[in-house]
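**Student:**
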């Protein structure tokens, strides 16, 4: 294709140098910034299995979020009906997320429809039935709105988790949505996976409710929970006597007065008296106003501070609290307090999450894998080199040069594509070496055949390359097809393998055909050697 | 010149087709029997769900000590085995339990170990926990990936060569996958995500091998219009034989390096490849090539030959 050997050498050199240039930032990550600015920012990343870290797949319980929304709407609808003086017997949320309303007569129906049209455009009437003169109307969310709510829930969860991870301090985290209700999280270099899981997976719903002091707790514990009140667990507090390890129970008013959404900030503080850490929270403007009003209205009552359904404390309101500062105390360790402050600042998840998949690799295991991977790559290379040189003599040396070059190109290309190197990825490199030799074997075997027919070295090399080319092309392309599907299918490590295999195959086509040809042409045409060492 | 195969080698590969096919079918049947006998494939947590925890101890520890540590937390179904060389003091705890929330599962194992041995005595080096939902997704994806890869290759070979070649090539691939899976089952090795990656690589490698020979058959068919197809196939396989062996050998060398030095994490992956490469080279020569002849009976080529 290019007749001039000089031109071809130049092309090969430029490509090789470009690969080295791309790979340098990976090789020396700690170059001074002034030098670094001359090099591309892209580099090869280490996969979680080599670097250590955690891979999580979470499922967001969007149904839970939906239930909450329907519940809120049902309440709003009840109030709307009362405000407009529409008579109704009941408004209820059903398990299938529909709202069932019982009207005393047909006449109220048009009023209901009017309210729906004016204030609740998201609801539509699904069915109506007349039962003993009463009207039973079932309302449902419009389909489109349902999808919206699910999507918003996922988006909000993503946002919150991103916030938390950012504040936790992880370099290069990857947080991406998967499907309708899943989130994939990759946290490289995490040393304490358990703590990270606690931090990410926690709903962190902060609520303030009043303690129900009008009814007896003992009575409620026996099963007679008064209407409008609920029982809730308390966190185990220090100093409550070690003998009694039972978690305290609280009887609370069901209504939530304030939630974590009204927070502006949360910080770890140390108490003056005992040196214990606690979390100081600051409400935003609206929250501070509400808090001021609530505390003002309920002096001498107990206000429970609840996190994810557990009462952390229930102090007595001594006086109206203005200014919007409050504190959450509990038997926290410093680390727990810090994590709690993080989740409160980052906001609560709109719905609970479940862990579907968790993989974590400790940093020491990662280093082990790197060492073993590098060692086996070097040994693999050497074995192939020795074998090829013994078999093909000087031509074998040429093939080995191509192999080395192949490795350089592979690493350069991986760097420029910001690819991730995983343990199977290293295996992919080693395997590419084995397969890259194949192209040269095909060419050399062909050339040998041609030499046997009595051709001159130059003609034999020429025929060998021409005839072998199509074979190499076809066979490599089919392998590429397999690699593409590997990439599509694979997650994490397997993907890394597909990447190295793909780049390796393409690089090997270049080195095994283009580069070796230059060397052979130089010897057969320019130096005009009479016998080929093959 | 150093030659593995003398250029004038005339081994009758086509004539060995019948015994080869019988051997292959027998082997595959043994593999299938093994899968049935073991009650299905030995699926790893990737597909079956559950958790694997790799623990490294500072001091000597035994599987018995580990087992009694885990006894208290209702994970009797877990298996505990040493991982890698004994002096590493590493163990794998596998539990088939598929809790809906995996956080609890791994926490339970961690706290049971902490209670029995103390926080400092061990290090959890690796956790892989997969819930039932993801396991099911992954299985479907794996099967889909294999099937699509096959279909894509069928189309490509059919397009570049002829349909009857493609059928032979794909048949060889199915053969390789079945043999590899059979061997893994016989040795009761785990079937994981990495195994699927290995299978996909095997079919990539095997088809590569097959294409090289098909390419030679195609070339010889054009060159020797008058010759018997049976003879052409034989000649073609013989002509490319040294290449087949050489390439397999280099890949072999590399895989041996991976098997011996790559460490326990990569061992299963390298082993599956190792089996697959042997099966692939064998099937290329003994299955895929003679199959072209077999197809000739049902789908004669348009070009008339005697």
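Chains as they are written, first to last, in this note's numbering: chain A, 14 to 547; chain B, 98 to 403.
Ideal Cβ positions, reconstructed from N, Cα and C, are used throughout, including at glycine.
#1: List, in order along the chain, the chain A residues whose C-beta lies closer than 9 Å to that of residue 320/B?
#2: Could you check the C-alpha separation between residue 109/A and residue 86/A for me, to the nearest Å?
#3: Please report the straight-line C-alpha distance between residue 330/B and residue 261/B, rounded to a whole angstrom.
#4: Excluding the five sequence neighbours on either side, which residues of its own chain have a C-beta within less than 8 Å of the C-beta of residue 272/B, listed in chain order?
#5: Tell me which same chain residues have a C-beta within less than 6 Å of the C-beta of residue 545/A, skipping the five on either side of it?
#6: Assign residue 291/A to one of three DSSP states: helix, strand, or coil.
#7: Quick one: which unbroken beta strand (DSSP E) runs of 3-plus residues sit fully inside the segment 194-262 of chain A? Chain order, please.
#8: Return the chain-ordered list of same chain residues with a C-beta closer than 8 Å to the C-beta of residue 103/A, the five sequence neighbours on each side being excluded.
#9: Quick one: residues in its chain with C-beta nearer than 7 Å to the C-beta of residue 390/B, no 5 flanking neighbours on either side, listed in chain order?
#10: Take residue 145/A and list the residues in its own chain whose beta-carbon comes closer than 8 Å to its own, dropping the five residues that flank it on each side.
#11: In terms of residues, what are the limits of the beta strand (DSSP E) holding residue 148/B?
#12: List the residues of chain A that residue 220/B touches, going by C-beta distances under 8 Å, in chain order.
#13: When the Cα atoms are used, what is the spatial distance from residue 355/B to residue 390/A?
#14: Compare the C-alpha of residue 94/A against each of 125/A, 161/A and 79/A and name the closest.
#15: Identify, in the order they occur along the chain, each residue of the same chain with its Cβ nearer than 8 Å to the Cβ of residue 347/B, setting aside the five sequence neighbours on each side.
#16: With a threshold of 16 other CB atoms inside 10 Å of the CB of residue 254/A, please say whether the residue is buried or exposed.
#17: Taking buried to mean at least 16 other C-beta atoms within 10 Å of its own C-beta, is residue 270/A buried or exposed?
#18: Which ranges would you report for the beta strand (DSSP E) in the segment 168-215 of chain B if only whole runs of at least 3 residues count?
#19: In or out: residue 347/A buried (at least 16 other Cβ within 10 Å) or exposed?
#20: Excluding the 5 residues preceding and the 5 following residue 484/A in the sequence, name in chain order all residues of the same chain whose CB lies nearer than 8 Å to its CB.
#21: In three-state DSSP terms, what is residue 219/B?
#22: Could you tell me which residues DSSP pairs with residue 319/A in its beta bridges?
#23: What would DSSP say about residue 66/A, mapped onto helix, strand or coil?
#24: With burial defined as no fewer than 16 other Cβ atoms inside 10 Å of the residue's Cβ, what is the status of residue 174/B: buried or exposed?
#25: Please indicate yes or no: does the CB of residue 145/A lie closer than 7 Å to some heavy atom of the ligand NAD?
#26: When the Cα of residue 533/A is compared with those of 507/A, 473/A, 501/A and 486/A, which residue comes out closest?
#27: For a cutoff of 8 Å on Cβ pairs, would you count residue 207/A as touching chain B?
#28: Who pairs with residue 142/A in a beta bridge, going by DSSP?
#29: Which value, in whole angstroms, describes the spacing of the CA atoms of residue 388/B and residue 332/B?
#30: Helix, strand or coil, according to DSSP, for residue 154/A in the structure here?
#31: So residue 266/A packs on residue 242/A, CB below 8 Å; how close in whole Å?
#32: Give the secondary structure of residue 365/A by DSSP, where H, G and I count as helix, E and B as strand, and everything else as coil.
#33: Inspect the CB distances between the segment 242-254 of chain B and the segment 513-524 of chain A and report whether three or more fall short of 8 Å.
#34: Bridge partners of residue 114/A, per DSSP?
#35: By DSSP's criteria, residue 308/B is part of a beta bridge. Which residues make up the other side?
#36: Let me check one thing: in DSSP terms, what residues is residue 59/A bridge-paired to?
**Tutor:** Result, derived from the coordinates:
#1: Translated into the one-based positions of the second chain, residue 320/B becomes position 223. The contact set of residue 320/B on chain A, defined by CB atoms closer than 9 Å, is empty, because the minimum CB distance reaches about 12 Å.
#2: Numbered from its first residue, the first chain carries residue 109/A at position 96. Numbered from its first residue, the first chain carries residue 86/A at position 73. Residue 109/A and residue 86/A have their C-alpha atoms spaced approximately 14 Å apart.
#3: Reading the second chain from its first residue, position 233 is the one you call residue 330/B. Reading the second chain from its first residue, position 164 is the one you call residue 261/B. Straight across, the Cα-Cα distance linking residue 330/B with residue 261/B is about 14 Å.
#4: Taking the first residue of the second chain as position 1, residue 272/B is located at position 175. Excluding sequence neighbours, residue 272/B sits near 121, 125, 376, 380 and 384.
#5: Here residue 545/A corresponds to residue number 532 of the first chain, with the count starting at 1. Answer for residue 545/A: 470, listed in chain order.
#6: As a working mapping, residue 291/A is identified with position 278 in the first chain. The answer is strand: DSSP assigns residue 291/A an E or B state.
#7: 195-201, 219-223 and 242-247, all fully within the segment 194-262 of chain A.
#8: In the first chain, residue 103/A corresponds to position 90, counting from 1. Excluding positions up to five away in sequence, the list reads 113, 114 and 115.
#9: Here the question's residue 390/B lines up with position 293 in the second chain. Excluding five sequence positions before and after residue 390/B, the CB atoms of its chain that fall closer than 7 Å to its own CB belong to 111, 326, 327 and 330, given in chain order.
#10: Taking the first residue of the first chain as 1, we reach residue 145/A at position 132. Nothing listed; no residue qualifies.
#11: For the purposes of this step, residue 148/B is taken as residue 51 along the second chain, with counting starting at 1. It spans 147-154 - the beta strand (DSSP E) in which residue 148/B sits, taken as one unbroken run.
#12: Sequence index remark: in the second chain, residue 220/B carries index 123 (1-based). Correct list: 375 and 377.
#13: Here the question's residue 355/B lines up with position 258 in the second chain. Here the question's residue 390/A lines up with position 377 in the first chain. Distance between residue 355/B and residue 390/A, taken at the CA atoms: about 8 Å.
#14: Translated into positions along the first chain, residue 94/A becomes position 81. Of the candidates 125/A, 161/A and 79/A, the one whose C-alpha sits nearest the C-alpha of residue 94/A is 125/A.
#15: As a first step, residue 347/B is located in the second chain; it is residue number 250 there, counting from the start. In its chain, beyond the 5 residues on either side, no residue has a beta carbon closer than 8 Å to the beta carbon of residue 347/B.
#16: Taking the first chain and counting its residues from 1, one reaches residue 254/A at position 241. Only weak support exists for where residue 254/A lies, its pLDDT of 42 falling under 50; the value from the coordinates is given anyway. Residue 254/A is exposed by the Cβ-count criterion.
#17: Reading the first chain from its first residue, position 257 is the one you call residue 270/A. Residue 270/A counts as buried, since no fewer than 16 other beta carbons sit within 10 angstroms of its beta carbon.
#18: Entirely contained in the segment 168-215 of chain B, the beta strand (DSSP E) runs reaching 3 residues are, in chain order, 176-179 and 187-192.
#19: Mapped onto the first chain, residue 347/A falls at position 334. Only exposed fits residue 347/A, as fewer than 16 other CB atoms lie within 10 angstroms of its CB.
#20: Working through the first chain from its first residue, we reach residue 484/A at position 471. Hits under 8 Å: 455.
#21: Counting from one through the second chain, the residue named residue 219/B turns up at place 122. The answer is strand: DSSP assigns residue 219/B an E or B state.
#22: Working through the first chain from its first residue, we reach residue 319/A at position 306. In the DSSP output, where bridge partners are listed per residue, residue 319/A has 220/A and 324/A.
#23: Residue mapping note: residue 66/A aligns to position 53 of the first chain, counting from 1. Strand, per DSSP.
#24: Counting from one through the second chain, the residue named residue 174/B turns up at place 77. It counts as exposed.
#25: Because no ligand of any kind appears in the structure shown, any question about the ligand NAD cannot be addressed here.
#26: Reading the first chain from its first residue, position 520 is the one you call residue 533/A. Distances from the CA of residue 533/A to each of 507/A, 473/A, 501/A and 486/A were compared; the closest alpha carbon is that of 473/A.
#27: In the first chain, counting from the first residue as 1, residue 207/A sits at position 194. So yes, residue 207/A belongs to the interface.
#28: Counting from 1 along the first chain, the entry for residue 142/A is found at position 129. Residue 142/A pairs with 149/A.
#29: Numbered from its first residue, the second chain carries residue 388/B at position 291. Numbered from its first residue, the second chain carries residue 332/B at position 235. Here the C-alpha atom of residue 388/B lies approximately 15 Å from the C-alpha atom of residue 332/B.
#30: Residue numbering aside, residue 154/A sits at position 141 when the first chain is read from its first letter. For residue 154/A, the three-state secondary structure derived from DSSP is strand.
#31: The residue you call residue 266/A lines up with position 253 of the first chain. The residue you call residue 242/A lines up with position 229 of the first chain. Approximately 6 Å separates the beta-carbon atoms of residue 266/A and residue 242/A; this is inside 8 Å, confirming the contact.
#32: On the first chain, residue 365/A is found 352 positions in, with the first residue counted as 1. Coil, per DSSP.
#33: No, the segment 242-254 of chain B does not touch the segment 513-524 of chain A.
#34: Position 101 of the first chain, counting from 1, holds the residue named residue 114/A. As DSSP reads the structure, residue 114/A sits in a beta bridge with 104/A and 150/A.
#35: For the purposes of this step, residue 308/B is taken as the residue at position 211 of the second chain. Partner residues in a beta bridge of residue 308/B, as assigned by DSSP, do not exist.
#36: In the first chain, counting from the first residue as 1, residue 59/A sits at position 46. Answer is 434/A.
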